[in-house]
Amino acid sequence: MDASTAKGRLAGKVAIVTGAAGGIGGATALRFAREGAKVVAMDLAGALDKTPDRAAWDEMGIVPVAVDLADRDDTDAAVARALAVFGAPDVLVTAAALKGGANFLAVTDDDWDRYIDVNLTGTFRVCRAVAKAMIAAGKAGRIVTIGSVNSFMSEPNAAQYVAAKGGVAMLTRAMAVDLARYGILANMIAPGPIAVPNAADQYEEPKLAASLHDEVALARPGLPEDCATAALFLAEDENRYTTGSTITVDGGLMAMIFGAMRDG
Numbered sequence: 011m012d013a014s015t016a017k018g019r020l021a022g023k024v025a026i027v028t029g030a031a032g033g034i035g036g037a038t039a040l041r042f043a044r045e046g047a048k049v050v051a052m053d054l055a056g057a058l059d060k061t062p063d064r065a066a067w068d069e070m071g072i073v074p075v076a077v078d079l080a081d082r083d084d085t086d087a088a089v090a091r092a093l094a095v096f097g098a099p100d101v102l103v104t105a106a107a108l109k110g111g112a113n114f115l116a117v118t119d120d121d122w123d124r125y126i127d128v129n130l131t132g133t134f135r136v137c138r139a140v141a142k143a144m145i146a147a148g149k150a151g152r153i154v155t156i157g158s159v160n161s162f163m164s165e166p167n168a169a170q171y172v173a174a175k176g177g178v179a180m181l182t183r184a185m186a187v188d189l190a191r192y193g194i195l196a197n198m199i200a201p202g203p204i205a206v207p208n209a210a211d212q213y214e215e216p217k218l219a220a221s222l223h224d225e226v227a228l229a230r231p232g233l234p235e236d237c238a239t240a241a242l243f244l245a246e247d248e249n250r251y252t253t254g255s256t257i258t259v260d261g262g263l264m265a266m267i268f269g270a271m272r273d274g
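For any residue, its number in the working numbering is found by taking its place in the sequence shown, counting from 1, and adding 10.
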């Protein structure tokens, strides 16, 4: 860690980031490390092995810990391993999630269970374990969940995804209320269309590009780094009074009337 990093906005802090092998979680893990935090990066073992950020992780001292959030026993064991690396964290960011979904009538019980287990129950179990560790260590920590604009609005063929993300929104508010007495702040980031590395090309397709023009005020997708910037604000000590809130990182999508005509 160089001198400039040691003086960053998270200098001396410990952070755990789930879903850290790429996308929003990956950008957040890197940003936090550059801001001086000691970071534990959690994700599926295969994803950790394949992340293009591994060289940067090694350089910055980011420690990978494998976890399968669909497996409750594995989640508990992995969180225990993560807590053992640097001790109780000051910051937790839960970015792990399954994307996509299916039409409501086509959702099977297995489909439903898998999305709820990973996107909602997995988030709950990680947050609960880490919050207890923060309290035991006397840390007034920060919990940042990654929800979605789909936490508040639906779309076709995504039934189990939007249900789980809606649950994350209310879980975050419940944590904010119940953890306030310990000084722990809990907030959610709700990304809109984000050009994550493995799906960035889809936003160049004519149909989707036209949709962005009509439905997003900025008429373009965001980047994972945009969400990492929001997470940094919620994680740092300067944030002392924001809890139970949502930062929507969506280019103005939720501010627009869908299909509204633009000037020019």
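Note that CB positions come from ideal geometry on N, CA and C, so glycine has one too.
So, at 8 Å on beta carbons, what are the nonlocal neighbours of residue i in its own chain, with the 5 sequence-adjacent residues on each side left out?
i: residue 84; result: 77, 78
i: residue 80; result: 124, 127, 128, 132
i: residue 17; result: 46
i: residue 203; result: 213, 222, 226, 231, 232, 260, 261, 263
Leaving out five residues before and five after residue i in sequence, what residues of the same chain have Cβ atoms less than 6 Å from its Cβ?
i: residue 113; result: 167
i: residue 163; result: none
i: residue 21; result: 46
i: residue 3; result: Since the first and last residues shown for the chain are 11 and 274, residue 3 lies out of range.
i: residue 254; result: 183, 186
i: residue 59; result: none
Which residue's Cα is closest to the Cα of residue i: the options?
i: residue 95; options: 253, 48, 172; result: 48
i: residue 149; options: 102, 125, 203; result: 102
i: residue 104; options: 263, 116, 245; result: 245
i: residue 160; options: 259, 56, 214; result: 259
i: residue 73; options: 176, 24, 139; result: 24
i: residue 158; options: 249, 267, 173; result: 173
i: residue 89; options: 137, 265, 69; result: 137
i: residue 217; options: 230, 207, 67; result: 230
i: residue 82; options: 29, 190, 201, 139; result: 139
Taking residue i and residue j to be in contact with their CB atoms under 8 Å, please state how far apart those CB atoms are, rounded to whole angstroms.
i: residue 34; j: residue 52; result: About 14 Å separates the two Cβ atoms, so there is no contact after all.
i: residue 194; j: residue 153; result: 6 Å
i: residue 135; j: residue 86; result: 7 Å
i: residue 205; j: residue 228; result: Actually they do not touch by this definition, with Cβ atoms about 12 Å apart.
Residue i bridges to which residues according to DSSP?
i: residue 102; result: 26, 153
i: residue 258; result: 200
i: residue 76; result: 53
i: residue 232; result: 204
Spatial neighbours of residue i within its chain, please: CB distance less than 7 Å, with the 5 preceding and 5 following residues excluded, ordered by chain position.
i: residue 92; result: 26, 50, 52, 75
Measuring CB atoms only, is the stretch 175-194 touching the stretch 238-248, in the sense that at least three cross pairs come out at less than 8 Å?
no
I want to know whether the stretch 213-226 touches the stretch 112-132 - three or more CB-CB distances under 8 Å.
no
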